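A.B. asks: Just so you know, we're using the numbering used here here: the sequence shown kicks off at 107 and counts up by one.
A virtual CB, placed ideally from N, CA and C, is assigned to each residue, including glycine.
Nothing here was measured: the structure is a model prediction, and the numbers come from that model.
Quick one: this structure, given as structure tokens, is what I'll be asking you about.
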Amino acid sequence: PAIPAIYKYTVNVVRTDLCSALSDTFQLVVRRAPQITFPAPTPICSGSSIKLLATATGNGPLTYSWTPAATLDHPDSLQPTASPTVAMVYTLTVTDSNGCTATKELTVTFYSQPKISLPSNQTVCAGSQISLTASVTGGMPPYTYAWTPSADLDRSDSSTVVATIAKNTTFRVTVTDSHGCSSKDSLLLVITLPPKITPGPTLSVCTGTSIKIGTTITGGKQPYTILWSPSAGLSDSTIEQPTATPASTML
Numbered sequence: 107p108a109i110p111a112i113y114k115y116t117v118n119v120v121r122t123d124l125c126s127a128l129s130d131t132f133q134l135v136v137r138r139a140p141q142i143t144f145p146a147p148t149p150i151c152s153g154s155s156i157k158l159l160a161t162a163t164g165n166g167p168l169t170y171s172w173t174p175a176a177t178l179d180h181p182d183s184l185q186p187t188a189s190p191t192v193a194m195v196y197t198l199t200v201t202d203s204n205g206c207t208a209t210k211e212l213t214v215t216f217y218s219q220p221k222i223s224l225p226s227n228q229t230v231c232a233g234s235q236i237s238l239t240a241s242v243t244g245g246m247p248p249y250t251y252a253w254t255p256s257a258d259l260d261r262s263d264s265s266t267v268v269a270t271i272a273k274n275t276t277f278r279v280t281v282t283d284s285h286g287c288s289s290k291d292s293l294l295l296v297i298t299l300p301p302k303i304t305p306g307p308t309l310s311v312c313t314g315t316s317i318k319i320g321t322t323i324t325g326g327k328q329p330y331t332i333l334w335s336p337s338a339g340l341s342d343s344t345i346e347q348p349t350a351t352p353a354s355t356m357l
């Protein structure tokens, strides 16, 4: 019988000569199996945990067994916490005091995870400004942003920020989507010192003649962009040691 109840059955045995009829009655008790219910499934973010909110009724005490057990904190409890790394189907088996069992499956799925990327590490001049932009794909917009350290930024809550640094600094950004799922990335800004110019000595030259002038440039990052001024009388105002043919005293 499919319906829990007490059923009585009678069996009659009659010989072919219709004599000595025998009968017997027996009772069959059909007990109600435990009942399991789950709430509507809700996806989770990658790397997070979820409490499996099962409820069960039946003739107590009830015992519980969840499988697979590897990503559960207490697979022998009614509501364990699951920490899966991929979508997972968990099966709960409930056994009551009469040995009756019920089994039900619960599927845990994941939201699409946002993915963030920053430019590669960069070299900048001390005190200069540089724009940093975080690119995001996946997840569910709108996104929120949190940059650290924020002291050297014009703002810390935007996809694009402007940094002004005086020392080597690693910036980190966390993006969070509307589901609460997040992703992180970082980049290093390396300070380069400005080039240093060492001027040559004061030179004398006869009117109408030429002389090679120059300077020594060190530091910074090559190649250099050079510009002499005034450029009049110079063979090339964009090289380190041009030839000068001044018409008068020049500085």
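In three-state terms, what does DSSP make of L340?
C.D. replies: In the sequence shown, residue 340 corresponds to position 234, counting from 1. Strand, per DSSP.
A.B. asks: Where does D130 land, buried or exposed, given buried means 16+ other C-beta within 10 angstroms?
C.D. replies: Here residue 130 corresponds to residue number 24 of the sequence shown, with the count starting at 1. By the 10 Å Cβ count, D130 comes out exposed.
A.B. asks: So which of K157, D291, K302 and K327 has the shortest CA-CA distance to P225?
C.D. replies: By one-based count along the sequence shown, residue 225 stands at place 119. With distances taken between Cα atoms, P225 lies closest to D291.
A.B. asks: With a threshold of 8 Å, are at least 3 pairs of Cβ atoms found where one atom belongs to the region 145-165 and the other to the region 178-191?
C.D. replies: Touching, yes, given that three or more Cβ pairs across the two stretches are closer than 8 Å.
A.B. asks: Given that a residue counts as buried once 16 or more other Cβ atoms are within 10 Å of its Cβ, and exposed if not, what is D202?
C.D. replies: Numbered from its first residue, the sequence shown carries residue 202 at position 96. Buried, since its Cβ has 16 or more Cβ neighbours within 10 Å.
A.B. asks: Please report the residue range of the beta strand (DSSP E) in which S154 lies.
C.D. replies: By one-based count along the sequence shown, residue 154 stands at place 48. Taken as a continuous stretch (DSSP letters only), S154 belongs to no beta strand (DSSP E), as it is neither H nor E.
A.B. asks: Determine the burial state of D342: buried for a count of at least 16 other Cβ atoms within 10 Å of its Cβ, exposed for fewer.
C.D. replies: Numbered from its first residue, the sequence shown carries residue 342 at position 236. Classification for D342: exposed.
A.B. asks: Just grab the DSSP bridge partners of T122 for me.
C.D. replies: Locating residue 122 in the sequence shown gives position 16, where the first residue counts as 1. None, per the DSSP bridge assignment.
A.B. asks: Using CA atoms only, rank isn't needed, just tell me which of I109, T321 and W334 is closest to G306.
C.D. replies: Numbered from its first residue, the sequence shown carries residue 306 at position 200. The residue with the shortest Cα to Cα distance from G306 is T321.
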